[in-house]
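In my numbering, the protein residues as written are 7 to 294.
Step one of this worksheet: look at the structure below.
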């Protein structure tokens with residue numbers, strides 16, 4: 007199992023902010039001889055490799071039912087009030103015990119992925135953006151309004167150098183889609199006006215930009231020649247996703263107000279990036 011290049015993504019469920027920060031720091035300090043970990047930001051579009059849930063939070067435990075599984079196994083910290091099909095550690099928990107438990111979950115995950123690969127089954131799953139409700143009275147039309155229809159088109163990377171855009175372009179070549187690059191806000195807006203850009207990836211460390219302001223500018227449809235919607239009359243502004251790493255703190259509320267889809271936490275492994283591209287660009291699976 008290769009752990010040197012990319013750390014495993016962990017999603018925290020039900021922890022207060024102070025506890026979440028302490029857990030994130032503890033995971034960051036995992037022994038070098040073992041796997042490396044990092045916690046996903048709120049609003050992250052990445053599928054987690056593992057879940058860590060607060061055993062005292064009933065909402066978090068209920069969410070595990072629709073989120074966790076063999077591919078995305080879960081560990082509960084603290085004794086849950088009900089019997090659950092997930093391993094748990096009683097409080098107070100020593101970090102050595104957490105690292106050992108997570109290593110066991112990674113072995114289980116690897117086995118599940120190997121089984122799927124042998125069966126030729128897809129490993130991709132769409133992440134729920136809202137928890138499943140036991141009694142859902144929401145109208146179907148309301149759910150339809152929440153969905154943004156994916157459109158196939160070019161990708162624009164806003165970054166200080168073209169290196170990442172070239173990498174994305176190599177990933178897209180199998181679908182014969184282009185990836186363009188800009189290093190400032192004005193150029194990014196100009197590129198979106200010139201071509202059919204369906205997705206913009208903004209590196210939040212790009213010098214001289216406010217990613218929220220750039221996102222709002224790109225999402226304004228006036229003057230942007232984006233992709234045509236399903237009715238072939240209305241232009242769709244491009245989807246916008248942030249690429250972030252500490253010390254940048256992703257503000258989910260500001261991002262939503264600006265029209266962003268969400269964030270990818272760096273470093274981004276290729277399989278996470280491909281999941282995003284397939285979902286946002288409505289890309290078909292490749293035949294081998």
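No residue lacks a Cβ here, since even glycine has one placed at the ideal position from N, Cα and C.
The model shown is predicted, which means the values in this text are computed figures rather than measured ones.
Per-residue DSSP class, three states only, for residue i
| i | result |
| --- | --- |
| residue 208 | strand |
| residue 218 | helix |
| residue 166 | coil |
| residue 45 | strand |
| residue 105 | helix |
| residue 269 | strand |
| residue 197 | helix |
| residue 261 | helix |
| residue 23 | helix |
| residue 53 | coil |
| residue 160 | strand |
| residue 83 | strand |
| residue 174 | helix |
| residue 110 | helix |
| residue 202 | coil |
Rounded straight-line distance, which links the Cα of residue j to that of residue i
| i | j | result |
| --- | --- | --- |
| residue 97 | residue 282 | 37 Å |
| residue 255 | residue 244 | 23 Å |
| residue 36 | residue 199 | 46 Å |
| residue 261 | residue 220 | 11 Å |
| residue 95 | residue 42 | 20 Å |
| residue 85 | residue 62 | 7 Å |
| residue 163 | residue 82 | 38 Å |
| residue 27 | residue 44 | 11 Å |
| residue 186 | residue 58 | 37 Å |
| residue 161 | residue 13 | 26 Å |
| residue 30 | residue 169 | 29 Å |
| residue 67 | residue 54 | 16 Å |
| residue 265 | residue 100 | 41 Å |
| residue 197 | residue 178 | 18 Å |
| residue 184 | residue 175 | 6 Å |
| residue 239 | residue 157 | Below a pLDDT of 50, predicted positions are generally treated as unreliable, and residue 239, at 42, falls in that range; the measurement from the model is reported next regardless. Each residue's alpha carbon lies about 14 Å from the other. |
| residue 165 | residue 122 | 36 Å |
| residue 207 | residue 268 | 10 Å |
| residue 89 | residue 69 | 15 Å |
| residue 15 | residue 65 | 21 Å |
| residue 109 | residue 91 | 18 Å |
| residue 180 | residue 205 | 17 Å |
| residue 171 | residue 209 | 11 Å |
| residue 202 | residue 242 | 10 Å |
Local Cβ density within 10 Å of residue i, reported as buried at 16 or more and exposed below that
| i | result |
| --- | --- |
| residue 104 | buried |
| residue 17 | buried |
| residue 47 | buried |
| residue 250 | buried |
| residue 87 | exposed |
| residue 277 | exposed |
| residue 19 | buried |
| residue 236 | Residue placement at residue 236 cannot be trusted, given a pLDDT of 45 that sits under 50; the coordinates are not used to answer. |
| residue 80 | buried |
| residue 71 | exposed |
| residue 34 | exposed |
| residue 259 | exposed |
| residue 102 | exposed |
| residue 40 | exposed |
| residue 50 | buried |
| residue 21 | buried |
| residue 288 | exposed |
| residue 131 | Confidence is the limiting factor: at residue 131 the pLDDT is only 48, short of 50, which leaves the residue's position unreliable and the question unanswerable from this model. |
Opening and closing residue of the beta strand (DSSP E) in which residue i lies
| i | result |
| --- | --- |
| residue 17 | 14-19 |
| residue 250 | 245-250 |
| residue 185 | 185-188 |
| residue 56 | 56-60 |
Proximity test, residue i beta-carbon vs the ligand SAH heavy atom, cut-off 7 Å
| i | result |
| --- | --- |
| residue 288 | As far as ligands go, the structure on display features none, and thus does not contain the ligand SAH. |
First and last residue of the uninterrupted alpha helix (DSSP H) at residue i
| i | result |
| --- | --- |
| residue 69 | 64-73 |
| residue 182 | Element bounds for residue 182: n/a, residue is neither H nor E. |
| residue 78 | Per DSSP, residue 78 belongs to no alpha helix (DSSP H) and is neither H nor E. |
| residue 284 | 276-287 |
Meets three-Cβ-pair contact criterion under 8 Å: the segment 215-225 and the segment 185-196: yes
Contact between the segment 75-83 and the segment 115-123 (3+ Cβ pairs under 8 Å): yes
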